[in-house]
Amino acid sequence: MERFNLEIERAILGNCLLSKKTLIRLLERGVTTQDFYNTNNQKVFESLVESYSSKDSTDILIVSKIAISKGIKVSYLSELVSESIELSDITAYINELLNLRIVRERLKLAKDIQVGAITNDEEIKKRFDDIDFIKSKIGNSNTITTLDKVEIVDIYTMEKIPTGFKKIDEKLLGFVTGSLNIITGYNGNGKSTFLNQMCISESLSQGYKVFAYSPELTNSNLKSWLYPTIASDEHFINKTFKGTQYKTLGKVGIKYIDSWIKDKLFIYTDDSITTDEKQILFDMDRLAKQGVKVFIIDNLMKIDLKDSYKNEYMAQKIFVNKLKNFARKYGAIVHLVAHPRKPQQGNSKVTKFDIAGTGDITNLADYAISIKKITEQEKKKDPTLKDAYIEILKDRMRGLEFGIDLNFDKDRRRFYFDSQELNKDYGYTKECELIQIEVGQEVFDER
13 MERFNLEIER
23 AILGNCLLSK
33 KTLIRLLERG
43 VTTQDFYNTN
53 NQKVFESLVE
63 SYSSKDSTDI
73 LIVSKIAISK
83 GIKVSYLSEL
93 VSESIELSDI
103 TAYINELLNL
113 RIVRERLKLA
123 KDIQVGAITN
133 DEEIKKRFDD
143 IDFIKSKIGN
153 SNTITTLDKV
163 EIVDIYTMEK
173 IPTGFKKIDE
183 KLLGFVTGSL
193 NIITGYNGNG
203 KSTFLNQMCI
213 SESLSQGYKV
223 FAYSPELTNS
233 NLKSWLYPTI
243 ASDEHFINKT
253 FKGTQYKTLG
263 KVGIKYIDSW
273 IKDKLFIYTD
283 DSITTDEKQI
293 LFDMDRLAKQ
303 GVKVFIIDNL
313 MKIDLKDSYK
323 NEYMAQKIFV
333 NKLKNFARKY
343 GAIVHLVAHP
353 RKPQQGNSKV
363 TKFDIAGTGD
373 ITNLADYAIS
383 IKKITEQEKK
393 KDPTLKDAYI
403 EILKDRMRGL
413 EFGIDLNFDK
423 DRRRFYFDSQ
433 ELNKDYGYTK
443 ECELIQIEVG
453 QEVFDER
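For the sequence shown, position 147 (counting from the first letter as 1) is numbered 159 according to my numbering, and the numbering increases by one without interruption.
Following this line, the structure appears as structure tokens:
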């Protein structure tokens, strides 16, 4: 039976050092020194309370002066801050902290009774009352409040990650952190390529770390498809195969992107990739604590969901709800690919009601986006059509529904509205040393 969780204790204390509001929340819930198991963590909590009481601050410089007098090194406080994670809601962490305290108190009571340290009923009853008091601090997690204590949301100032498409960002303003985005479209319509550009390349260029889960692709496939999307035009070269000329990314570009993408994009190794729901969520949680903010799940149907054999739709709803809660907990963005149902004959357009599984998937999402490839036959009928149609099926923040037409460059593997988007610089050569490679035939093939 688990009696303590040092990771939770450190996460709570680290956030207290970063935000006075977190400590206030703990004090409002009645958290005390004894609710922490680790002695050093108890001393840090005492230091935080003393600092707040005397200086109305939990700043690490002020807290450290008190902590040093209790035998806590400044380096320990620095570790708590560096390892802390951004928590949109501390409630679950406080509840777990208190639950573990209850476990310890029950075990201690049982041991004291067993060894004869407690012999009268009155003392036993008092100990049970103490445990019940701790339980009362947990209470109902659905805390009731009043609107005067709630902050107004301003979509314009909230943290967002752009899509990278001007015509979409003008209305959508970007994906708000803490959101779940559903991406849908029929097979062969460009979902993976669209993900590479909008969710990976753009996020990386904005300074966000990304985790990409795509069990249908080998890592070599992913790299071969993603790198051309990221690469600038000057790093492509012309080659010939059996009389046919084609354009491909050269070694210089590959080396630049390799250097830039290191420790930014995370994937499973080919021999360790899993389809187990629990393992995926565990690894996502671990990566979020390391600063990863963007998570791509491609796709829902490839994950072995718990109890799906009993009720597949319910299992999907529960898993998607977990992703939603995960995004909110860490202030992350989760992009989930969900295939649409089979189209009715003669109709290839996807609506939010066509997403496979229960309608609760779309209801839980903050955004829903579909991509449709325009066929050559459709272009013949209407010459104004471009290569793809992107439709915003749901935008929880602003309530907008709209669509845009995009061109597609096969060599660059980029969707674009105009030449500015086609030639967008994702920044992989910035602050990089000049890449040197062995002189070979490739140099003479470059334009």
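The C-beta atom is built at its ideal place from N, Cα and C for all residues, glycine as well.
All values reported here derive from a predicted model rather than from experimental measurement.
- Task: Enumerate, from N- to C-terminal direction, the unbroken alpha helix (DSSP H) stretches of 4 or more residues contained entirely within the segment 19 to 65.
- Result: For the segment 19 to 65, the continuous alpha helix (DSSP H) assignments of 4+ residues that do not extend past its boundaries occur at 32 to 40, in sequence order.
- Task: Write down every uninterrupted run of the beta strand (DSSP E) in the segment 195 to 254 whose length is 3 residues or greater and which is fully enclosed by it, in chain order.
- Result: Segments of the beta strand (DSSP E) lying fully in the segment 195 to 254: 221 to 225, 248 to 253.
- Whole-angstrom distance between residue 271 and residue 90, CA atom to CA atom: Residue 90 and residue 271: Cα-Cα distance of roughly 29 Å.
- Does the Cβ of residue 395 have 16 or more other Cβ atoms within 10 Å, making it buried, or fewer, making it exposed? Exposed, since its Cβ has fewer than 16 Cβ neighbours within 10 Å.
- Query: So residue 107 is in the alpha helix (DSSP H); what residue range does that whole segment cover?
  - Reply: Annotation for residue 107: the continuous alpha helix (DSSP H) segment containing it runs 103 to 127.
- Taking Cβ positions, are residue 20 and residue 88 nearer each other than 7 Å? Pairing residue 20 with residue 88 gives a Cβ-Cβ distance that is not under 7 Å.
- Query: residue 90 lies in the beta strand (DSSP E); which residues open and close that run?
  - Reply: The continuous stretches of beta strand (DSSP E) do not include residue 90, which lies in the alpha helix (DSSP H) extending over residues 86 to 94.
- Task: Specify the secondary structure class of residue 357 as computed by DSSP and reduced to three states.
- Result: Low confidence applies to residue 357: its pLDDT is 49, below 50, so where it sits in the model is not reliable enough to give any reading.
- Reducing DSSP to helix, strand and coil, say where residue 264 ends up. It is helical.
- Item | Whole-angstrom distance between residue 400 and residue 426, CA atom to CA atom | Approximately 11 Å between the Cα atoms of the pair.
- Item | Rounded separation between residue 375 and residue 170 - CA only | Whole-angstrom Cα-Cα distance: 22 Å.
- Query: Taking three-plus beta-carbon pairs below 8 Å as touching, is the segment 431 to 444 in contact with the segment 211 to 222?
  - Reply: Judged by Cβ distances under 8 Å, the segment 431 to 444 makes contact with the segment 211 to 222, as three or more pairs qualify.
- For the beta strand (DSSP E) containing residue 164, list its first residue and its last residue. Residue 164 -> no beta strand (DSSP E), and no H or E assigned at all.
- Item | DSSP state of residue 271 mapped onto helix, strand, coil | Residue 271: helix per DSSP, three-state reduction.
- Nearest to residue 386 by CA position, among 174, 112, 412, 416, is which residue? With distances taken between Cα atoms, residue 386 lies closest to 416.
- Item | Exposure of residue 168, with buried meaning 16 or more beta-carbon neighbours within 10 Å | With fewer than 16 neighbouring CB atoms inside 10 Å of its own CB, residue 168 falls in the exposed class.
- Query: If we count the other Cβ atoms within 10 Å of its Cβ and call it buried at 16 or more, is residue 451 buried or exposed?
  - Reply: Any reading at residue 451 must be qualified, since the residue scores a pLDDT of 45, below 50, and its modelled position is unreliable; the value itself is stated next. Exposed is the label assigned to residue 451, since fewer than 16 other Cβ atoms lie within 10 Å of its Cβ.
- Tell me which same chain residues have a C-beta within less than 6 Å of the C-beta of residue 226, skipping the five on either side of it? These residues qualify, in order along the chain: 310.
- Item | Endpoints, the beta strand (DSSP E) within which residue 403 is located | Secondary structure note for residue 403: its beta strand (DSSP E) is the uninterrupted segment 400 to 407.
- Message: Taking the beta carbon of residue 73 as the centre, do at least 16 other beta carbons fall within 10 Å, making it buried, or is it exposed?
- Response: Counting Cβ neighbours within 10 Å, residue 73 comes out exposed, since fewer than 16 surround it.
- Item | Straight-line gap, residue 23 to residue 392 (C-alpha atoms, nearest Å) | The alpha-carbon atoms of residue 23 and residue 392 are separated by roughly 59 Å.
- Would you report the Cα separation of residue 412 and residue 299, rounded to the nearest angstrom? Per the coordinates, the alpha-carbon of residue 412 lies some 32 Å from the alpha-carbon of residue 299.
- Message: Beta-carbon within less than 8 Å of residue 121's beta-carbon, same chain only, minus the 5 sequence neighbours each way: which residues are those?
- Response: These residues qualify, in order along the chain: 130, 136, 139, 140, 143.
- Item | Pair within 7 Å by beta-carbon distance, residue 187 and residue 173 | Yes. Within cutoff.
- Is residue 18 near residue 28, with beta carbons less than 7 Å apart? When the beta-carbon positions are compared, residue 18 and residue 28 stay at least 7 Å from each other.
- Task: Taking only beta-carbon positions, decide if residue 123 is within less than 7 Å of chain D.
- Result: Among the chains in the structure shown there is no chain D, since it carries only a single protein chain.
- Would DSSP call residue 463 helix, strand or coil? One cannot answer for residue 463 here, as it falls past the ends of the chain, which runs 13 to 459.
- From this set, 308, 125, 95, 37, which residue's C-alpha is nearest residue 221's C-alpha? Nearest option by C-alpha distance: 308.
- Do the segment 187 to 202 and the segment 345 to 352 touch if we need at least three Cβ pairs shorter than 8 Å? By the Cβ rule, the segment 187 to 202 counts as touching the segment 345 to 352, because three or more pairs are nearer than 8 Å.
- Task: Whole angstroms is fine: what's the gap from residue 15's alpha carbon to residue 86's?
- Result: Roughly 27 Å separates the two Cα atoms.
- Message: Suppose you measure from the CA of residue 388 to the CA of residue 320; what does that come to, to the nearest Å?
- Response: Residue 388 and residue 320: Cα-Cα distance of roughly 40 Å.
- residue 209: buried (16+ other C-beta within 10 angstroms of its C-beta) or exposed? Residue environment: residue 209 is assigned as buried (16 or more neighbouring CB atoms within 10 Å of its CB, all protein chains considered).
- Message: So within the segment 288 to 335, which uninterrupted alpha helix (DSSP H) runs reach at least 4 residues, ignoring any that extend past its ends?
- Response: If we require 4 residues or more, the alpha helix (DSSP H) runs fully inside the segment 288 to 335 come out as 289 to 300.
- Cβ-Cβ distance between residue 317 and residue 327 below 7 Å: Their beta carbons are under 7 Å apart, which means residue 317 touches residue 327 by this criterion.
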